[in-house]
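Residue numbers (my numbering), protein chains in the order written: chain C, 86 to 336; chain G, 86 to 336.
Heads up, the thing below is written out as structure tokens.
2 protein chains.
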Amino acid sequence: MRETDFVSGFARGLKVIEAFGETTPKLSISDVAKATGLDRATARRCLLTLAELSYADYDGKFFALTPRILRLGHAYLSATPLPHIVQPFLDKLSEEVQQSASASVLDGTEVVYIARASQKRVMSINLMPGSRLPAYCASMGRVLLAALPEEEARALLRQTVLKAFTPRTKTDPARLMEELIRVRAQGFAVIDQELELGLCSIAVPLENDRGRVVAALNIGAPAASVPAEQMAERYLEPLRAVARALKPMLR
Amino acid sequence: MRETDFVSGFARGLKVIEAFGETTPKLSISDVAKATGLDRATARRCLLTLAELSYADYDGKFFALTPRILRLGHAYLSATPLPHIVQPFLDKLSEEVQQSASASVLDGTEVVYIARASQKRVMSINLMPGSRLPAYCASMGRVLLAALPEEEARALLRQTVLKAFTPRTKTDPARLMEELIRVRAQGFAVIDQELELGLCSIAVPLENDRGRVVAALNIGAPAASVPAEQMAERYLEPLRAVARALKPMLR
DNA sequence: GACATTTGTTCATATATCGCACAAGATGGC
DNA sequence: GCCATCTTGTGCGATATATGAACAAATGTC
């Protein structure tokens with residue numbers, strides 16, 4: 086790609102949108118400049134552009150995103166076949182096993198939820214399509230990393246800040262790589278309270294008709310009612326049945 | 086705002102993202118140029134920029150958005166307090182009444198879902214945060230339109246294509262305005278299969294601590310099990326209880 | 001209340017992008 | 001197989017944007 090085939094004003098604007106996050110719903114011009122590394126004058130122009138288009142509100146001091154910004158993500162969710170195809174299967178699966186079921190894909194070092202059917206909430210975090218979790222300590226993340234060429238998985242782990250969310254979180258890259266190899270061999274991953282105490286989950290890869298892994302499916306359950314050792318015997322077959330049923334439908 | 090405080094490259098890029106939709110998951114350069122009204126060269130530069138930043142894939146012919154684009158909408162969902170505050174209340178409400186419960190806000194002529202707790206699916210459309218419905222024929226839309234100054238509501242209806250989704254859909258602007266006045270007076274709206282046959286819903290406004298309507302809450306139920314006449318007697322009180330409980334928590 | 005910082009805004013100019021026109025390549029009909 | 005049509009890629013002049021410094025205003029500190 087040539088230098089001139091890149092619209093840096095657009096790229097800068099996207100950076101500005103992403104500056105808004107979890108802990109920062111309202112940002113001043115300087116806040117955004119600092120968060121993005123852009124010049125204050127440039128950040129201001131991007132923010133005023135967002136406001137002009139009603140993607141953001143401006144009270145003269147702080148900018149805040151408006152729900153209109155959801156159109157952007159929705160363009161993906163409604164345009165991409167996978168979420169639509171998977172959703173009814175997750176609904177059925179979730180009802181059958183009386184636990185939450187989800188599907189996700191990999192985006193860099195993170196897992197991105199693309200569909201979800203939730204039963205009564207057991208997690209403190211509220212997951213929905215678009216939500217992200219670090220791949221290294223999520224069951225679907227393990228499955229998706231395990232599906233990559235070993236070198237690629239290793240590279241992603243190197244890029245990740247391996248933080249211990251609970252005392253059980255595995256954070257040693259070497260042990261994680263071993264775990265990925267085991268996951269690939271056995272065809273599923275079980276997470277025992279590595280992301281949140283009290284929460285277990287199990288995931289399997291979802292292949293398309295040509296055998297390429299295109300997503301992961303999981304079931305999450307409270308550790309109190311389903312100990313980690315029982316996850317596989319209870320949920321592996323239902324998950325695999327869904328993956329088998331979906332396989333011929335995925336291009 | 087001065088002319089030079091607007092980054093048109095950014096605005097054009099956002100238009101390109103929104104060109105991807107329901108029926109158009111993969112678009113060529115010309116497709117996007119046609120859909121957005123941009124010059125082909127410009128559309129191409131925006132698309133290549135998206136691809137360079139991994140917001141889109143490019144196979145040499147077609148562009149498709151990647152899940153990375155969900156970061157943009159997620160910036161809003163995670164940064165805005167309302168969805169987080171409302172979600173656990175919807176969960177409880179949904180379990181209590183054994184029906185789906187949702188919250189939404191108005192964006193132009195459309196209702197945008199910002200949180201949702203779903204029971205077994207009754208709608209053919211799959212709703213999630215970010216999903217949009219036309220305001221004029223959705224229960225939350227009626228409530229949100231009714232909360233606007235009459236002239237503003239009338240203006241939005243004028244901008245809307247009033248399509249009949251079912252034989253029961255109300256599409257006459259004058260009758261809709263009457264309906265909005267009734268909704269405002271009674272403090273709730275009931276929709277009887279106007280959006281989809283077999284689906285009824287009821288919505289109430291959600292006010293903040295200063296009495297401004299900041300969102301709408303609703304419950305949807307299959308018409309077969311809950312006829313429209315029963316929606317209010319069954320669900321109005323539970324909905325209002327949630328709205329009352331939330332009110333002091335909303336700035 | 002005066003000083004020091006931070007923040008927002010403006011401006012001139014160097015730089016990058018836009019849209020047009022044209023060339024090259026792909027597609028489809030017959 | 002050939003022409004008509006549509007699509008994509010590129011060079012260039014005109015136009016729009018980014019930059020960083022300078023100033024003004026607001027905010028925080030002692």
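Glycine included, C-beta positions come from ideal geometry on N, C-alpha and C.
Would you call the stretch 102-116 of chain C in contact with the stretch 128-148 of chain C, where contact means no fewer than 3 C-beta pairs closer than 8 Å?
yes
Does the beta carbon of G/Ile154 sit closer than 8 Å to a beta carbon anywhere in chain C?
yes
What are the residues of the stretch 142-169 of chain G that lie near chain C, defined by any Cβ-Cβ distance shorter than 9 Å?
Ala149, Leu150, Thr151, Pro152, Arg153, Ile154, Leu155, Arg156, Leu157, Gly158, His159, Ala160, Tyr161, Leu162, Ser163, Ala164, Thr165, Pro166, Pro168 and His169
Cβ contact check for the stretch 153-173 of chain G and the stretch 196-204 of chain G: 3 or more pairs under 8 Å
yes
C/Gly117 CB to nearest chain G CB: under 8 Å?
The sequence shown places Val at residue 117 of chain C, not Gly. It does not; no Cβ of chain G falls within 8 Å.
Suppose only complete runs of 3+ residues qualify. What are the beta strand (DSSP E) ranges in the stretch 234-314 of chain C, listed by chain order?
274-277, 284-292 and 298-307
To the nearest angstrom, how far is it from the Cα of G/Val275 to the Cα of G/Glu180?
21 Å
Taking DSSP's pairing of strands, which residues face G/Val197 in a bridge?
G/Val190 and G/Arg217
Step through the CB atoms of chain G and report whether any lies within less than 8 Å of the CB of C/Thr256.
no
If the cut is a Cβ gap below 8 Å, which residues of chain C does G/Arg130 touch?
Thr89, Asp90, Phe91 and Val92
Check the C-beta distance from G/Phe174 over to G/Ala306 and give it rounded, since I have them as a contact under 8 Å.
At roughly 18 Å, the Cβ-Cβ gap does not stay under 8 Å, so G/Phe174 and G/Ala306 are not in contact.
Using three-state DSSP, classify G/Phe148 as helix, strand or coil.
strand
Just mark C/Val289 as buried or exposed, buried being the case when its beta carbon has 16 or more other beta carbons within 10 Å.
buried
Going straight from the alpha carbon of G/Asn293 to that of G/Leu335, what length do you get?
5 Å
So does the stretch 94-101 of chain G actually touch the stretch 86-105 of chain C, counting three or more Cβ pairs closer than 8 Å?
yes
Check whether chain C comes within 8 Å of G/Val327, counting only Cβ atoms and requiring the distance to be less than that.
no
Taking 8 Å as the CB-CB limit, is C/Leu304 close to chain G?
The amino acid occupying residue 304 of chain C in the given sequence is Ile; Leu does not appear at that position. For C/Ile304, the answer is no, since every Cβ of chain G falls outside 8 Å of its Cβ.
Can you give me the Cβ contacts of G/Ala239 inside the same chain, cut-off strictly under 8 Å, excluding the 5 residues immediately before and after it?
It is Arg, not Ala, that sits at residue 239 of chain G in the sequence shown. Answer for G/Arg239: Pro258 and Met262, listed in chain order.
Nearest CA to the CA of G/Ala141: which residue from G/Ala104, G/Ala160, G/Pro252 and G/Ala308?
G/Ala104
Would you grab the beta carbon distance between C/Ile102 and G/Ala160 for me? Rounded to a whole angstrom, and I think it's under 8 Å.
6 Å
Output the boundary residues of the beta strand (DSSP E) element that contains G/Asp142.
Ala141 to Tyr143
What's the C-alpha gap between G/Leu150 and G/Asp116?
14 Å
DSSP bridge partner residues for C/Ala202 (one or two, in chain order):
C/Ala186
Using a Cβ-Cβ cut-off of less than 7 Å, give me the residues of the stretch 182-213 of chain G that come near chain C, in sequence order.
Val190, Asp192, Val197, Ile199, Lys205, Arg206, Asn211 and Met213
In the structure shown, what three-state DSSP assignment does C/Gly106 receive?
strand
Between G/Gly158, G/Ala301, G/Lys248 and G/Thr256, which lies nearest to G/Arg269 when the distance is taken from Cα to Cα?
G/Ala301
What's the C-alpha gap between G/Ala231 and G/Ile266?
6 Å
Hey, would you say G/Pro152 sits closer than 8 Å to C/Val171, going by beta carbons?
no
Three-state class that DSSP yields for C/Leu112 in the structure shown
strand
Alpha carbon of C/Glu137 to alpha carbon of G/Glu88, nearest angstrom:
11 Å
Output the distance between the C-alpha atoms of C/Ala326 and G/Lys119, rounded to the nearest integer angstrom.
43 Å
Just how far apart, CA to CA, sit C/Met316 and G/Leu282?
40 Å
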